[in-house]
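Report on the structure given below.
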Amino acid sequence: MTARKDGCLFCAIVAGETPAAIVLDTPELLGFLDIRPVFKGHVLIVPKDHVDTLLDLPSELMTPLLTAGQDTATALAAAVECQGTFVAMNNVVSQSVPHLHLHVVPRTKGDGLRGFFWPRTKYAEGEIEQYAARIRAAY
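Numbering of the sequence shown is given in the numbering used here, commencing with residue 11 and proceeding in unit increments.
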């Protein structure tokens with residue numbers, strides 16, 4: 011049983027109450043595709059126990075979280091043939107869901123992403139699960 015916060019979208023995803031395209035599932039962490047990705051293949055990695063921000067993250071989860079980010083960046087390179095990744099975390103300001111989450115965004119040279127302006131895209135019907143399957147297979 012994980013510690014959760016009522017009304018938290020990511021806690022509901024961890025509990026299996028809200029569907030998500032899961033790409034990573036460890037005892038401590040869950041990785042899934044952002045439904046409003048910067049670029050297709052954009053993964054969010056969350057602690058399974060509810061944690062509001064980086065300032066609240068228990069020290070024993072720091073290494074697993076960054077290792078999962080590293081493993082996800084490696085998987086994305088193979089799965090979506092990106093040249094690199096953008097890895098980021100917001101704390102309170104610009105944190106759309108108040109549950110700690112690490113963004114791992116696939117990048118290619120000339121993709122148009124500038125600074126901290128994050129335009130969002132959408133998946134076509136059924137496309138999100140295709141991306142999730144490719145990323146899962148690349149871990």
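We put the beta carbon where it would ideally sit given N, CA and C, even for glycine.
Inset, instruction - Compare the beta carbon distance of THR77 and VAL114 with 7 Å and say whether it is the shorter of the two. - result: Against the sequence shown, residue 77 aligns to sequence position 67. Against the sequence shown, residue 114 aligns to sequence position 104. Not in contact: THR77 and VAL114 (Cβ atoms no closer than 7 Å).
Inset, instruction - Spell out a yes or no on whether the stretch 25-33 and the stretch 64-72 are touching, meaning 3 or more CB-CB pairs, one atom from each, closer than 8 Å. - result: no
Inset, instruction - From the DSSP output, read off the bridge partner residues of THR95. - result: As a working mapping, residue 95 is identified with position 85 in the sequence shown. Its beta-bridge partners are PRO116.
Legend entry - Collapsed DSSP secondary structure at LEU34 in the structure displayed: Sequence index remark: in the sequence shown, residue 34 carries index 24 (1-based). Residue state, collapsed to three classes: strand.
Legend entry - Element boundaries [beta strand (DSSP E), containing LEU43]: Your numbering for residue 43 matches position 33 in the sequence shown. Membership of LEU43 in the beta strand (DSSP E) is indicated by the continuous run 39-43.
Inset, instruction - Sort PRO108, PRO116, VAL97 and PHE96 by Cα distance to ALA88 and report the nearest one. - result: Stepping through the sequence shown from its first residue, residue 88 is reached at position 78. Measuring from the Cα of ALA88, the nearest candidate turns out to be PRO116.
Legend entry - Three-state class that DSSP yields for PRO129 in the structure shown: Taking the first residue of the sequence shown as 1, we reach residue 129 at position 119. It is coil, neither helix nor strand.
Legend entry - As assigned by DSSP and simplified to three states, the class of ARG124: The residue given as residue 124 occupies position 114 in the sequence shown. Correct three-state label for ARG124: strand.
Legend entry - First through last residue of the alpha helix (DSSP H) which encompasses PRO74: For the purposes of this step, residue 74 is taken as the residue at position 64 of the sequence shown. For PRO74, the enclosing alpha helix (DSSP H) stretches over residues 69-89.
Legend entry - Reduced DSSP category for VAL53 - H, G, I as helix; E, B as strand; rest coil: What you label residue 53 is simply residue 43 of the sequence shown in a count that begins at 1. Here VAL53 sits in strand by DSSP.
Legend entry - Sequence-distant residues of the same chain with beta carbon closer than 6 Å to ARG46, five excluded per side: Looking up residue 46 in the sequence shown gives position 36. Same-chain partners within the cutoff: ARG130.
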